[in-house]
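Q: In this note's numbering, the protein residues as written are 1071 to 1180.
For glycine and all other residues, C-beta sits at the position ideal for the given N, C-alpha and C.
Please see the structure below; I have some questions.
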């Protein structure tokens, strides 16, 4: 069973853009099909006619709660905390982010 069907939007896929229905099961896209072909019952149906439908974006390089150094290299401020970064990312369509790894001189991967 599909939890949600998004109907009739302009769906962006790796193959191009077209009018499709998107079936969602749990937290995953379960089907992309021709309009009207996802006939099974869904918990929610969203009319996306006239809308663009894209999967969530991935940002592989963010800075959450990072020290922001001044000209002398002293940290006097910090970037936003992970909760705030998550909310802002979702607002912009980014559903996954990866915090950048800080390296200090003398550190190794061991």
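Going by DSSP, what residue range makes up the alpha helix (DSSP H) through residue 1133?
A: Here residue 1133 refers to the residue found at position 63 when the chain shown is read from its first residue. Premise fails: residue 1133 is in no alpha helix (DSSP H) and is neither H nor E.
Q: Does residue 1118 come out as helix, strand or coil in the three-state DSSP assignment?
A: As a first step, residue 1118 is located in the chain shown; it is residue number 48 there, counting from the start. Collapsing the DSSP output to three states places residue 1118 in coil.
Q: I want to know whether the stretch 1087-1104 touches the stretch 1132-1141 - three or more CB-CB distances under 8 Å.
A: no
Q: Suppose the cutoff is 6 Å on Cβ atoms and the five residues either side in sequence are ignored; what does the same chain contact list for residue 1165 look like?
A: In the chain shown, residue 1165 corresponds to position 95, counting from 1. Counting only Cβ-Cβ distances below 6 Å, and skipping sequence neighbours, we find 1126.
Q: Rounded to whole angstroms, what is the Cα-Cα separation between residue 1095 and residue 1171?
A: Against the chain shown, residue 1095 aligns to sequence position 25. Against the chain shown, residue 1171 aligns to sequence position 101. Between residue 1095 and residue 1171, the C-alpha separation is close to 33 Å.
Q: Please determine, among 1154, 1135 and 1153, the residue with the shortest C-alpha to C-alpha distance to residue 1145.
A: Residue mapping note: residue 1145 aligns to position 75 of the chain shown, counting from 1. Put simply, of 1154, 1135 and 1153 the residue whose alpha carbon is nearest the alpha carbon of residue 1145 is 1135.
Q: Rounded to a whole number of angstroms, what is the C-alpha to C-alpha distance between residue 1084 and residue 1117?
A: For this step, residue 1084 is matched to residue 14 along the chain shown. For this step, residue 1117 is matched to residue 47 along the chain shown. Computed Cα separation, rounded: 22 Å.
Q: I'd like to confirm the pairing. Which residues does DSSP put opposite residue 1080 in its beta bridges?
A: As a working mapping, residue 1080 is identified with position 10 in the chain shown. 1089 and 1122.
Q: Would residue 1151 be called buried (16 or more neighbouring beta carbons within 10 Å of its own) or exposed?
A: Mapped onto the chain shown, residue 1151 falls at position 81. It counts as exposed.
Q: In chain order, what residues of the same chain have a beta carbon less than 7 Å from the beta carbon of residue 1115, not counting five sequence neighbours either side?
A: Sequence index remark: in the chain shown, residue 1115 carries index 45 (1-based). Answer for residue 1115: 1075 and 1077, listed in chain order.
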